[in-house]
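Residue numbers (the working numbering): 1254 to 1325.
What follows is the structure, encoded as structure tokens:
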């Protein structure tokens, strides 16, 4: 059985090819963002996206799911 963990991040900024994301936050535990806040209360991701065709898909203020699955 493959274990998958999902996190929800929001794009907080872009500088050139670098994209900055942090976990979503909400005190409303009934909302989706609130449930993600309880599971992942803090986190950040900084990644260099060298492919311009991929980098354009990250918009500041927009949320993204980040899925973790084991690499074989």
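Ideal Cβ placement from N, Cα and C applies to all residues, glycine included.
According to DSSP, residue 1269 shares a beta bridge with no other residue.
Setting aside the 5 residues that flank it on each side, residue 1290 is surrounded in the same chain by 1278 and 1279, each with a C-beta closer than 6 Å to its C-beta; the list follows chain order.
Of 1257, 1269 and 1262, the smallest CA-CA separation from residue 1301 is found for 1269. Checking the DSSP bridge columns, you'll see residue 1310 has no partner listed. Spatial neighbours of residue 1284 in its own chain (CB-CB distance under 7 Å, excluding positions within 5 residues in sequence) are not present.
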